[in-house]
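Each residue of the sequence shown is one higher than the one before, counting from 3 in this note's numbering. Glycine included, every Cβ here is placed at the ideal spot set by N, Cα and C. This report concerns only the one structure given below.
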Amino acid sequence: MKEIREPAVAGMFYPDKPEILSRDVKKYLDHATKEKIDGEIIALVAPHAGYMYSGQVAAYVYKLIEGKHFDSVVIVAPSHRVDFKGASLYDRGAYRTPLGLVPVDVELSKKMMERWNGIRYFPEAHSQEHSLEVQIPFLQIVLKSFKLIPIVMEPYWSLETCQFLAQAIADATRGKNVLLVASTDLSHFHPYEKAVQLDKIVLQRLEQFDSEGLSRDLKGGRCEACGGGPVITVMLAAKTLGANRGKVLKYQNSGDVTGDRSRVVGYGAAAFYKAAGGQTKMKEEKKVGVDLGLNEEEKKALHQIAKTVIENKTKKKSIPEFKIDSPVLKENRGAFVSLHKKGQLRGCIGYIEGRGPLHKTIEEMAEAAAFRDPRFTPVVEKELADLDIEISVLTPLRKITDVNEIEVGKHGIYIKKGWNAGLLLPQVATEYKWDRKTFLEHTCQKAGLPSDSWKHKDIEIYIFSADIF
3 MKEIREPAVA
13 GMFYPDKPEI
23 LSRDVKKYLD
33 HATKEKIDGE
43 IIALVAPHAG
53 YMYSGQVAAY
63 VYKLIEGKHF
73 DSVVIVAPSH
83 RVDFKGASLY
93 DRGAYRTPLG
103 LVPVDVELSK
113 KMMERWNGIR
123 YFPEAHSQEH
133 SLEVQIPFLQ
143 IVLKSFKLIP
153 IVMEPYWSLE
163 TCQFLAQAIA
173 DATRGKNVLL
183 VASTDLSHFH
193 PYEKAVQLDK
203 IVLQRLEQFD
213 SEGLSRDLKG
223 GRCEACGGGP
233 VITVMLAAKT
243 LGANRGKVLK
253 YQNSGDVTGD
263 RSRVVGYGAA
273 AFYKAAGGQT
283 KMKEEKKVGV
293 DLGLNEEEKK
303 ALHQIAKTVI
313 ENKTKKKSIP
323 EFKIDSPVLK
333 ENRGAFVSLH
343 KKGQLRGCIG
353 YIEGRGPLHK
363 TIEEMAEAAA
373 FRDPRFTPVV
383 EKELADLDIE
393 ISVLTPLRKI
403 TDVNEIEVGK
413 HGIYIKKGWN
423 AGLLLPQVAT
433 EYKWDRKTFL
443 EHTCQKAGLP
453 SDSWKHKDIE
463 IYIFSADIF
């Protein structure tokens, strides 16, 4: 091995004597409960503080894979010391800890680098970074033998970076016996009660397996996680690799360890997995929304309009005039077009209320979802084969004063206060298995309001339904 990345924080974040380090890790594992996961584990989230603070929380993650075998482990960790763009992959040699050497999986590393030019080898990103290093001794104890793919991510991450890196990871590891690990701590240096409140938001997103919501909450300052980019990246990659469930395993903060609750740091442990029988269960679920009377030919026509607009636009072709005979497709209705790529949201824009014929609305919203959703880069031609198009034709908005009128699985919610407004479609609550209260809280957050704003008298709450296909 030509290059060895030597330990940077042994003796500080964890013991530098192998016998003491091994004893401590095993002690943490002995005191951790092994949670029941009914499915295949794809990815983990673990904290990265000094072992005396977060080691016990990390043990809940690594207890899950004790005795299992993975050929390689991808660790995605945040950069605390060096500012750079994209992701740095240590693609050579090995990482050393007091427990020995872990060889880098050079072959898979090169495959990832070939799939996205934002991944490169930037040694300064690794030389002193603790967030990746502290995960390795746990892995050495529970897995014995494995190869490593060590990735340190830019500190000021964007959702776009997460998406590109996640796709590169998923493409390179698909079909291989590989585990993904995201390294993060949660809120930093708040009073105990405030920290718990902030961290609860992150934990809910992990439990719901909601990477988009977590990104929105982190960027909006509603919660904190120094490894937010790595967590979102791993969630996106895990979903592409088949994971469909999240489970929070443990939470505590430094105040629980030291007794000092004045300025604490939060630590969470979570797993993402492919639930046994998950696909069958999804097929049996009741249809979301309502039937607005569109027949199969009319639905097919709207899909064809959306598909043609997106394809022609990416190929720089003109958009044809669509011949529409159906009176239903000429009705004035609100509608949304949602795009998904390999299970991940790729764009979603619509009109809440009708602004013209339905077929024209779909034409306009397909173009907007693909090329003008500010959360995503414009769709390019090579993505077309992987895009799924979902159309939601809306019923008119109806203002309510009693939230008990909201039926999860049937209604979407639109919340408004002053200049703030937010909407979530009916299928969102069903997808994440929210109850009515959680649905209201997330709609408030979408509007940029505190999650409990739905209780206030000056809030306007509207409901609607949709025919979703």
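On the DSSP bridge list, what partners appear for G268? N255
Quick one, which of L243, I234, L150, A12 has its alpha-carbon nearest I44's? L243
Closer than 8 Å is the cut-off here; do at least three beta carbon pairs connect the segment 160 to 173 with the segment 232 to 242? yes
Only counting the same chain, and skipping five residues up and downstream in sequence, which positions put a Cβ closer than 6 Å to that of D73? N179
So, with DSSP's three-state summary, where would you put A96? strand
Here's the rule I'm using: 16 or more other beta-carbon atoms within 10 Å means buried, otherwise exposed. How should G261 be labelled? exposed
Would P100 and L46 be called neighbours here (beta carbons separated by less than 9 Å)? no
Evaluate S56 with the Cβ neighbour count: other Cβ atoms within 10 Å of its Cβ, from every protein chain shown; 16 or more gives buried, anything less gives exposed. buried
Taking Cβ to Cβ, would you say A79 is nearer than 9 Å to P152? yes
Quick check on the burial criterion: 16 or more other C-beta atoms within 10 angstroms. Buried or exposed for A34? buried
Taking all protein chains shown into account, do 16 or more other C-beta atoms lie within 10 angstroms of the C-beta of N255, making it buried, or fewer, making it exposed? buried
Given this structure, state the Cα-to-Cα distance separating L347 from D18, to the nearest angstrom. 44 Å
Do you know whose CA, among M54, G248, K202, lies nearest Y275's CA? G248
When DSSP builds the beta bridges, which residues end up paired with Q346? K343
Which residues DSSP lists as bridging E42, in chain order: K276
Mind checking D469: buried by the 16 CB within 10 Å criterion, or exposed? buried
Tell me the rounded alpha-carbon separation between S296 and I415. Checking the sequence, you will find Leu at residue 296 rather than Ser. In a straight line, the C-alpha of L296 is about 23 Å away from that of I415.
Own chain partners of K285 with C-beta closer than 6 Å, once the 5 adjacent residues on each side are dropped: Any reading at K285 needs caution, since the residue's pLDDT is 39, under 50, leaving its predicted position unreliable; the model's value is listed next. Cβ within range, chain order: n/a, list empty.
My understanding is that V410 touches D437, with C-beta atoms under 8 Å, so please give their C-beta distance in whole angstroms. 7 Å
Under 8 Å, with one C-beta from each stretch per pair, do the segment 318 to 336 and the segment 351 to 362 reach the 3-pair mark? yes
Alpha carbon to alpha carbon, what distance is there between A168 and A273? 17 Å
Could you give the distance in angstroms between the alpha-carbon of E313 and the alpha-carbon of K196? 48 Å
Would you call the CB atoms of E131 and A10 closer than 9 Å? yes
With the cut-off set at 9 Å, would you say L426 and T445 are in Cβ contact? yes
Does the segment 110 to 120 touch the segment 133 to 145, meaning 3 or more C-beta pairs lie closer than 8 Å? no
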